[in-house]
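Protein chains in written order, with the working numbering: chain A, 1 to 113; chain B, 1 to 111.
Take a look at the structure set out below.
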């Protein structure tokens with residue numbers, strides 16, 4: 001069974017903290033994505049990666065960075081968390097080309113106080 | 001900026017009703033359109049990946065059509081059941097690998 005896991009379902013952090021969100025997939029997928037979901041806005045792409053050590057900015061990369069040292073793991077980093085980064089964060093992966101469906105993790109609901 | 005719009009935002013139907021909703025997207029630089037179903041407390045799951053103008057896809061009681069020339073896709077659910085209650089997301093993929101999601105249509109099916 002295809003699986004994408006995220007390190008936490010719920011996370012509460014304080015303004016200014018460095019936050020790591022981890023995503024692991026077990027499908028040997030080349031592509032991995034980080035999204036955030038806010039009410040009324042749908043999923044917005046933060047960063048994506050098509051290969052190990054490779055990263056591309058999505059629509060809203062400001063305030064975030066990513067790391068992909070291994071094929072199966074894609075980390076999202078909030079260097080200095082702010083209250084406007086309170087959101088649901090979803091990781092996804094897909095194989096091969098852009099036609100292919102994405103498989104999503106369960107999401108991490110991050111609250112920044 | 002690409003706009004992917006879904007309508008309606010939310011929909012309440014009775015069990016047994018058939019329903020449909022729309023995803024509108026730019027008609028230029030089209031590469032693919034994805035439909036996802038997102039149930040509360042679960043991960044989004046892919047329903048369909050559509051690439052060709054005129055494509056029609058079906059999975060059980062759910063089907064989708066695609067018109068890339070005019071930039072829209074319809075999702076149909078025949079004989080809605082309470083377990084169909086979910087948010088249905090469409091995602092447009094452009095030629096430059098740009099992927100944009102709509103805000104979704106939240107469907108509630110009342111028993």
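Where is the CB? At the ideal position from N, CA and C, for every residue including glycine.
query                                                                                                                                     : result
Where residue 40 of chain B sits in the DSSP three-state scheme                                                                           : coil
Test item: CB-CB of residue 79 of chain A and residue 18 of chain A under 8 angstroms                                                     : yes
Minimum length 3: unbroken beta strand (DSSP E) runs contained in the stretch 45-111 of chain A                                           : 64-70, 73-78, 87-94
Helix, strand or coil at residue 22 of chain A according to DSSP, with G and I counted as helix                                           : strand
Buried/exposed call for residue 66 of chain A, threshold 16 Cβ in 10 Å                                                                    : buried
Pair within 8 angstroms by beta-carbon distance, residue 54 of chain A and residue 68 of chain A                                          : yes
Test: residue 12 of chain B CB closer than 8 angstroms to a CB of chain A                                                                 : no
Rounded separation between residue 152 of chain A and residue 31 of chain A - CA only                                                     : Past the boundaries of the shown model lies residue 152 of chain A; chain A is included only from 1 to 113, so the question cannot be answered.
Close-in-space but distant-in-sequence residues of the same chain around residue 17 of chain B (CB under 7 angstroms, 5 per side omitted) : 80
CA nearest to the CA of residue 148 of chain B, picked from B:45, B:69, B:41, B:74                                                        : As shown, chain B starts at 1 and ends at 111. That puts residue 148 of chain B outside it, with no answer to give.
Secondary structure of residue 83 of chain B, DSSP reduced to three states                                                                : helix
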